[in-house]
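Residue numbers are given in the UniProt record's numbering: position 226 of the sequence shown equals residue 226, and the series is strictly consecutive.
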Amino acid sequence: MAKPGARNTITDVPGFKVGQTEDAKVRTGVSVIVPDAPAIAAVAVSGGGPGTRETDLLSAGMLVDGIDAICLSGGSAFGLAAADGVASGLKQEGRGFALVPLTGVPRTPIVPAAILYDLANGGDKSWGDVSPYAALGLEAYRARGLGVELGQAGAGFGAKAGAFAGGTGSASIVTHDGITVGALAGVNCFGSVFMPGTDAYWAWPYEIDGEFGGKRPPEDYAADAEDWGAAKANPALGQNTTIACIATDVALTASEAKRVAQMALSGFSRAIRPVFAPFDGDALFVMSSAKVESGEERAILVARIGELAASTLSRAIARGVYEANR
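This is how it looks when you write it as structure tokens:
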């Protein structure tokens with residue numbers, strides 16, 4: 001029976017650490033997922049209004065085949081500057097890509113990033129000529145470790161999930177044969193994570209050991225196709241996004257990681273309704289630390305990891321909202 005890891009967070013995956021920081025005045029924050037060594041990575045973007053950086057490098061046929069960190073940030077387009085701070089921290093440690101190492105020429109850290117929209121959450125956004133995000137990115141990078149704070153923390157500090165507080169969520173799963181998959185999400189969705197008229201999460205079938213409250217829908221529950229429940233409006237437009245990262249210790253090729261990312265997108269739709277709307281910026285990264293080599297037939301292995309990623313992501317999303325509203 002597959003079970004969550006010891007922390008039930010993405011840092012249960014060997015080879016990964018997480019750094020988080022917040023600015024309470026601005027009501028925003030940053031989360032950074034850092035592999036111990038450059039990691040194979042992929043991305044899948046499903047929302048109609050994404051904000052991303054360096055995602056083209058994750059396409060097939062590109063020169064760089066390993067990334068140094070993933071940065072998730074609040075701040076909308078301003079938040080993409082958080083990756084600058086992460087890159088600065090990596091540079092100071094001599095990390096990054098170099099086609100031909102040269103004395104006096106720094107390596108170039110590869111830091112793909114995605115942002116969520118928290119500009120209208122009431123925080124003080126009058127920061128003047130320079131936004132706080134590069135400094136927050138560096139601070140988050142330097143704070144990396146195995147602990148992951150859930151709820152109103154990191155990238156999800158100023159988020160809203162439908163009509164409720166959003167937040168940062170994380171979860172993990174360890175299989176009977178020693179494969180680990182973890183997820184971390186910044187949940188700022190337009191849609192609702194709750195089944196309309198109940199306190200049960202859409203993700204409830206995937207919950208393990210009451211990790212987000214153990215609520216269940218009535219036995220005779222039937223969903224109305226046009227009832228979005230506690231979405232930000234029911235129905236109407238808004239500024240929204242759920243951004244996430246999946247990590248695994250199984251060695252994957254770039255192509256396999258891409259398929260896992262595409263499969264993992266279903267984790268969004270298991271946990272949020274509606275999702276992938278024209279005004280959502282939903283994006284998801286996948287990273288492999290390649291700590292585990294599997295002899296399983298490759299297509300079956302990739303299908304397993306993709307499904308584990310989807311269910312673990314749905315749990316992470318629900319956990320983020322649950323912890324933010326306790």
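Note that beta-carbon positions come from the ideal geometry of N, C-alpha and C, so glycine has one too.
By the Cβ test, the region 307 to 321 is in contact with the region 263 to 283, since at least three Cβ pairs between them sit closer than 8 Å.
In this structure, glycine 19 lies near valine 32, with their beta-carbon atoms less than 7 Å apart. Shown here, glycine 186 sits in a strand according to DSSP, grouped into three states. Here aspartate 227 has Pro196 as same chain residues with Cβ atoms under 6 Å from its own Cβ, once five neighbours each way along the sequence are excluded. Inter-residue distance for tyrosine 141 and aspartate 220 is about 48 Å (C-alpha atoms, whole angstroms). Distance from the CA atom of alanine 69 to the CA atom of alanine 247, rounded to whole angstroms, is 12 Å.
With a beta-carbon spacing of about 6 Å, threonine 11 and lysine 17 fall inside the 8 Å limit used to define contacts.
Ranking Val292, Lys160, Val181 and Leu57 by CA distance to the CA of glutamate 323 puts Lys160 first.
Residue state for lysine 3 is assigned as strand, using DSSP reduced to three classes.
With respect to the C-alpha of aspartate 280, the residue from Ser46, Gly29 and Ala41 having the closest C-alpha is Ser46. Note that the C-beta distance between threonine 312 and valine 181 is below 7 Å. Within the region 47 to 85, the beta strand (DSSP E) runs of at least 3 residues that lie entirely inside it are, in chain order, 70 to 73. Residue pairing by DSSP puts threonine 108 in a beta bridge opposite Phe97. In the DSSP assignment, alanine 271 falls within the alpha helix (DSSP H) that extends over 266 to 271. For methionine 287, DSSP records a beta bridge to Ala41 and Ala247.
Contact between the region 94 to 101 and the region 199 to 208 is absent: fewer than 3 CB-CB pairs across the two stretches fall below 8 Å. DSSP places valine 193 outside any alpha helix (DSSP H), giving it a letter other than H or E.
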